[in-house]
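Read in order, the letters of the sequence shown are residues 1 to 326 in UniProt numbering. Here is the structure we will look at, set down as structure tokens.
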Amino acid sequence: TLSLLNHPKRSERLFVGTRWSPDDVIETILEKERNESLARYYRVLDVPSVDPDTGACNYKEFDLETQELLRAQYGSVMYSMLYLNKPLSSELMKFRPVWTRYYEEDEVPEDGDNVVTIDPADPPTGKSSQDYSATIVAKHCKRGLFIRAIKRERITHGELIREALDLAKEYKATKIRVETNKYANLEDGFRTEMAKRAASSKTPDGEWFHIEAVKAKGKKEGRIMGLTPLFENGVVFLKRSVMQELEDEMYKWQGERSRGHDDLLDALAWQLPKSYFLPTFEKEEVVVEEKKSVRYNTYSLETILATMKPSRYTPFGKPLTVGRWG
Numbered sequence: 001t002l003s004l005l006n007h008p009k010r011s012e013r014l015f016v017g018t019r020w021s022p023d024d025v026i027e028t029i030l031e032k033e034r035n036e037s038l039a040r041y042y043r044v045l046d047v048p049s050v051d052p053d054t055g056a057c058n059y060k061e062f063d064l065e066t067q068e069l070l071r072a073q074y075g076s077v078m079y080s081m082l083y084l085n086k087p088l089s090s091e092l093m094k095f096r097p098v099w100t101r102y103y104e105e106d107e108v109p110e111d112g113d114n115v116v117t118i119d120p121a122d123p124p125t126g127k128s129s130q131d132y133s134a135t136i137v138a139k140h141c142k143r144g145l146f147i148r149a150i151k152r153e154r155i156t157h158g159e160l161i162r163e164a165l166d167l168a169k170e171y172k173a174t175k176i177r178v179e180t181n182k183y184a185n186l187e188d189g190f191r192t193e194m195a196k197r198a199a200s201s202k203t204p205d206g207e208w209f210h211i212e213a214v215k216a217k218g219k220k221e222g223r224i225m226g227l228t229p230l231f232e233n234g235v236v237f238l239k240r241s242v243m244q245e246l247e248d249e250m251y252k253w254q255g256e257r258s259r260g261h262d263d264l265l266d267a268l269a270w271q272l273p274k275s276y277f278l279p280t281f282e283k284e285e286v287v288v289e290e291k292k293s294v295r296y297n298t299y300s301l302e303t304i305l306a307t308m309k310p311s312r313y314t315p316f317g318k319p320l321t322v323g324r325w326g
């Protein structure tokens, strides 16, 4: 990546580079630009050789045939970095973009239960590399798993508890599941906050939720990998246009080799124990058109035999001797 001082007086800086890693300098800039709480400093020009939405070529010099030759020559990974501006080929992603299903608000099924899951982190330290506390609300229903809300923030445990309870109330969740490996205090913190809310509420029953404390027994990578078959089979649905942080974690995640954040993925993985059930895959109704019957001039065997029996009358209408036929 080249950093060029484009205009000394205005301190304009131009970054020109090739994507070599999911955590390169360009990705650091893009991540800050995507953060709505930070000021915008850069105008981004990202025009890959193939449009990711339409599949059309953006440059006439590189038609689809040429693209396939380049892919064969350089390999999927190098081709993806050099020509698609993507540091990882989709074929090598653990969560592939083509698996992602979306929904609109009016498409959410009425059946099912909402569950809140939390992957807590340490309170804010000011370090940019620090993990986030992540919260996921998902509806478990016959069609699959509908992710209703996501939160990824560096907040205190008190703020995390209050935010989770607000989400549980908003989506009428049946339970709140929280990982307590390092943070056993969170379970008591939830009960204390609920008791406080119930004491000051006119409807105290609506402030209580079942708190399920869980502890991880295996590696985090194994839990997250358990999500991939669900995405591949199209039974996980994301709300369109508002869950970019989750998608960003999904497409960059490479298991133990990952250097980016996976807090939302871990929170989502905690949706599976005890809550997830197999969706109902309904077969498409096949309509078979009835063929119109064709009326043929058919006769029974008796009718055919009767026509073959000689007549008792001569062509001139005179009866033949009965003894001849009878």
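Here a beta-carbon is modelled for each residue, glycine too, at the ideal position from N, C-alpha and C.
My assumption, with CB atoms under 8 Å, is that residue i sits in contact with residue j. Please give the rounded CB distance.
i, j, result
"Asn114", "Tyr171", "4 Å"
"Leu145", "Ala138", "5 Å"
"Glu110", "Arg240", "That pair is no contact at about 20 Å."
"Val178", "Ile155", "That belief does not hold up - the Cβ atoms of Val178 and Ile155 are roughly 14 Å apart, past 8 Å."
Considering only the beta carbon of each residue, do residue i and residue j sit closer than 8 Å?
i, j, result
"Thr174", "Val214", "no"
"Thr117", "Ala267", "yes"
"Tyr79", "Leu92", "no"
"Phe62", "Phe231", "no"
"Leu186", "Pro120", "yes"
"Asp24", "Pro87", "yes"
"Thr54", "Leu238", "no"
"His140", "Gly112", "yes"
Report all residues from its chain with a CB closer than 6 Å to the CB of residue i; omit the five preceding and five following residues, and keep chain order.
i, result
"Leu246", "Ile150 and Leu264"
"Ile161", "Gly189, Phe190 and Glu193"
"Ile224", "Leu265 and Ala269"
"Glu256", "Glu221"
"Lys196", "none"
Compute the Euclidean distance between the alpha carbons of residue i and residue j, then round it to the nearest angstrom.
i, j, result
"Val50", "Tyr59", "8 Å"
"Asn85", "Lys142", "38 Å"
"Val235", "Tyr132", "26 Å"
"Gly226", "Trp208", "30 Å"
"Ile136", "Arg148", "8 Å"
"Asp106", "Ala72", "44 Å"
"residue 335", "Met243", "In the structure as shown, the chain begins at 1 and stops at 326. Residue 335 is therefore absent and cannot be evaluated."
"Tyr251", "Gly260", "11 Å"
"Ser200", "Asp166", "15 Å"
Can you list, in chain order, the residues of its chain whose CB lies under 7 Å from that of residue i, leaving out five sequence neighbours each side?
i, result
"Asp262", "Ile224, Glu249 and Trp253"
"Met81", "Thr18, Arg19, Trp20 and Pro87"
"Leu272", "Gly226"
"Arg152", "Tyr132, Ala134, Glu245, Asp263 and Leu264"
"Leu64", "Cys57"
Tell me which same chain residues have a C-beta within less than 8 Å of the C-beta of residue i, skipping the five on either side of it?
i, result
"Tyr42", "Phe15, Ile29 and Glu33"
"Tyr83", "Pro48, Ser49, Val50, Phe62, Gln67 and Leu70"
"Gln130", "Ala121, Asp122, Pro124 and Arg154"
"Val108", "Lys139, Phe146 and Arg148"
"Ala56", "Val50"
"residue 340", "Any property of residue 340 remains undetermined from this structure, which presents the chain solely from 1 to 326."
Next on the checklist: Please give me, in chain order, every unbroken run of the alpha helix (DSSP H) with length at least 4 that falls completely inside the stretch 62-114.
Outcome noted: 64-74 and 76-83
Next on the checklist: Suppose only complete runs of 3+ residues qualify. What are the beta strand (DSSP E) ranges in the stretch 164-238, listed by chain order?
Outcome noted: Under the rule that a run must span 3 or more residues, the beta strand (DSSP E) segments found entirely inside the stretch 164-238 read 175-179 and 210-214.
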